[in-house]
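In this note's numbering, the protein residues as written are 76 to 293.
These notes are about the structure you will find just below.
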């Protein structure tokens, strides 16, 4: 519980400060510090408190094919769902404004940012939310309940971020999608005890998200 209290609120705090309370240099600084905390704290807790040994989380039990298949399904749902919801008809001004604030308003910077989020940030999220937060939840509750709890923690800061780009209905639908994806990735970790099946699924989902973004913006 102490570990969860020291890490679960941090991503939401970073997003709130950067996007709502003090957007700009101060908000970006808080956001960066929060990211650094997410990177360092789980490893420090694992090594110093749990007395664990370093590992690259090898997929010894398999699961890569299942991860890829689940990611392909999620990506398909994202693309088809966006089209069915008519996101191409939505007011793009808020999205363009936020993208410009992040410096991703050109094709090259967008692709660079998308690559970073898709391959690097997704790996960090699997490390933080599945390998660390899910395991802490698993100590406190049964496996399926831990899956839901860790997914809820993962979704919290995404709701805040997504609400800055989309209207209420799309924010709700996107948040439900994030939660559902996180349930899948937490289950993959619970089943295979490795972050890599979930990361592979996560990457494919993010490719779809940024693909839709590209379609809307460019």
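All residues carry an ideal CB built from backbone N, CA and C; glycine is no exception.
DSSP state of residue i mapped onto helix, strand, coil
i	result
residue 124	coil
residue 88	helix
residue 154	helix
residue 265	helix
residue 166	coil
residue 238	helix
residue 94	helix
residue 290	helix
residue 117	helix
residue 112	helix
residue 252	helix
residue 142	helix
residue 57	Outside the modelled stretch of the chain, which goes from 76 to 293, sits residue 57, for which no answer is possible.
residue 228	helix
Environment of residue i [buried if 16+ CB atoms lie within 10 Å]
i	result
residue 182	exposed
residue 86	buried
residue 82	buried
residue 178	exposed
residue 68	Outside the shown range of the chain (76 to 293) lies residue 68, about which nothing can therefore be said.
residue 253	buried
residue 155	exposed
- Please confirm if the segment 260-273 is in contact with the segment 136-149, defined as three or more CB-CB distances below 8 Å between the two stretches. yes
- Query: Is the segment 155-173 in contact with the segment 235-247, if contact means three or more CB pairs nearer than 8 Å?
  - Reply: yes
- At which residue ranges does the segment 170-219 contain complete beta strand (DSSP E) runs of 3 or more residues, listed in the order of the chain? none
- Stretch-stretch touch, CB-based, cutoff 8 Å, three pairs: the segment 179-188 with the segment 92-100: no
- Is the segment 257-264 in contact with the segment 198-212, if contact means three or more CB pairs nearer than 8 Å? yes
- Kindly confirm or deny that the segment 247-260 and the segment 102-121 touch, where touching means at least three C-beta pairs closer than 8 Å. no
- Item | Three CB pairs or more closer than 8 Å across the segment 217-225 and the segment 279-287 | no
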